[in-house]
Amino acid sequence: MPNNVEDFLSTSEEQEIVEAIRVAELNTSGEIRVHIEQTCKGNGITTRALDLFHTLKMDNTKLQNGVLIYVAIDDKAFAIYGDKGINDKVESTFWDSTKNVMQMRFKQGNFKKGLIEGILKSGEELKRYFPYSDTDTNELTNEISKG
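Laid out in structure tokens, this is it:
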């Protein structure tokens with residue numbers, strides 16, 4: 001496991017992840033972001049992901065279809081948090097297949113591949129409920145945020 005947030009991914013790996021977000025968002029009007037922190041601050045991984053979701057203003061999308069993939073390096077933990085518009089339409093196990101793909105890669109120590117596969121899987125899954133349209137605009141940055 002890398003020692004700090006800056007060493008978690010190389011610059012080129014970060015660019016590959018940003019590109020994966022761009023590609024995934026060609027399938028869906030959903031908005032995907034990645035946030036990486038050293039440790040989970042607060043009361044658990046899900047609560048922290050929710051806090052960051054609001055801090056990053058991801059709850060401001062028109063269709064309430066933002067998705068945050070949150071990684072806490074030292075805690076060896078991650079969470080996928082989808083906004084209300086998504087959660088109102090999907091079954092409770094919606095993110096399980098995405099989490100499983102990511103977890104398998106993370107356990108192998110391949111964080112870049114885990115993030116990319118999770119992002120692309122998210123785009124595919126969201127396409128059923130939030131298909132991409134020609135009028136879709138990119139409402140949130142695709143850049144990785146760090147804490």
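Using the working numbering, count along the sequence shown one by one with no gaps and you end on 147. We put the beta carbon where it would ideally sit given N, CA and C, even for glycine.
- Per DSSP, the beta bridge partners of Thr28 are Pro131.
- DSSP, reduced to helix, strand and coil, places Ile86 within a helical segment of the structure shown.
- Counted as a single uninterrupted DSSP element, the alpha helix (DSSP H) harbouring Ile45 occupies residues Ile45 to Thr55.
- Counting C-beta atoms within 10 angstroms of its own C-beta, Arg128 has fewer than 16 neighbours from the protein chains shown and is therefore classed as exposed.
- With distances taken between CA atoms, Ala79 lies nearest to Trp95 out of Ile144, Trp95 and Lys121.
- Of Phe8, Glu16, Asp136 and Gly82, the smallest CA-CA separation from Asn27 is found for Asp136.
- The three-state reading of DSSP puts Phe8 in helix, counting H, G and I together.
- Cβ neighbours of Ala72 within its own chain (closer than 6 Å, five residues either side excluded): Glu37, Thr39 and Cys40.
- The C-beta of Asn65 has 16 or more other C-beta atoms within 10 Å across all chains shown, which makes the residue buried.
- DSSP, reduced to helix, strand and coil, places Glu37 within a strand of the structure shown.
- The beta carbons of Val34 and Ile17 sit closer together than 9 Å.
- The three-state secondary structure of Lys146, taken from DSSP, is strand.
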